[in-house]
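Shown next, in structure tokens, is the structure this report addresses.
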Amino acid sequence: MTDLTRRNVLATGALAAAGVTLAACSSGDDAATEPTSDTQATPQASPAASGEALIAAAEVPLEGGVILDSGQTKVVVTQPQPEQYVGLSAVCPHQGCLVNEVVDSTIVCPCHGSQFAIADGAVIQGPATTGLEPVPVKLDGDQIVLA
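To convert, take the position in the sequence shown, counting from 1, and add 3; that gives this note's numbering.
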């Protein structure tokens with residue numbers, strides 16, 4: 004081989020390596036913007052309009068609650084005492100997962116096991132270090148609405 008041929012081969016190899024590196028960094032789809040099990044997208048809590056009906060009061064169990072996840076509304080409505088309704092964000096402050104159940108007066112996050120009180124969203128068990136954000140709700144007739 005001549006020097007020119009070797010130079011061409013080396014240059015071509017370097018360009019090919021650079022192309023492979025760029026292709027590996029950019030897969031062509033938007034997978035980098037999708038949440039994974041390790042990094043959850045943080046859903047936003049209830050930017051819905053004041054007065055929006057969330058649920059019939061009769062559907063919220065005493066000493067329990069109902070998780071509402073429709074569109075932008077991600078709220079837990081609880082009834083810790085008779086006719087006392089509390090609204091809390093359904094978004095766990097630990098890593099942004101949505102809570103998935105209310106059991107034994109406790110709101111549970113499925114991702115890492117954080118637990119929160121139905122009365123005020125306070126942390127009962129971590130790893131979350133802060134409680135669920137309050138979402139103002141009120142009883143309007145027989146409906147629980149955003150306040």
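Using N, Cα and C, we set each Cβ at its ideal position, and we do this for glycine too. Source: prediction; values computed, not measured.
Item: Minimum C-alpha distance to leucine 65 - residue among Leu71, Gly129, Val80 and Ala56; Value: Val80
Item: N-terminal and C-terminal residue of the beta strand (DSSP E) that leucine 142 is part of; Value: 140-143
Item: Classification of alanine 125 by the beta-carbon crowding that lies within 10 angstroms, buried from 16 upward; Value: exposed
Item: Span separating the alpha-carbon of tyrosine 88 from that of lysine 141; Value: 7 Å
Item: Neighbour flag for valine 80 against chain D, beta carbons, 8 Å; Value: Absent here is chain D; the protein component of the structure consists of one chain.
Item: Under the three-state DSSP convention, the category threonine 24 falls into; Value: Summary for threonine 24: the model assigns pLDDT 41, below 50, so the residue's position carries little reliability; its value from the coordinates is reported in the next sentence. Three-state DSSP puts threonine 24 in a helix.
Item: Selection from Val111, Glu86 and Ser73 that minimises the alpha carbon distance to aspartate 143; Value: Glu86
Item: Span separating the alpha-carbon of alanine 120 from that of serine 108; Value: 7 Å
Item: Top-ranked residue by Cα proximity to cysteine 114, from Leu149, Ala122 and Leu101; Value: Leu101
Item: Straight-line Cα distance separating glycine 99 from serine 73; Value: 16 Å
Item: Spatially closest choice to glutamate 104 from Glu62, Gly68, Gln146 and Val148, by CA coordinates; Value: Gly68
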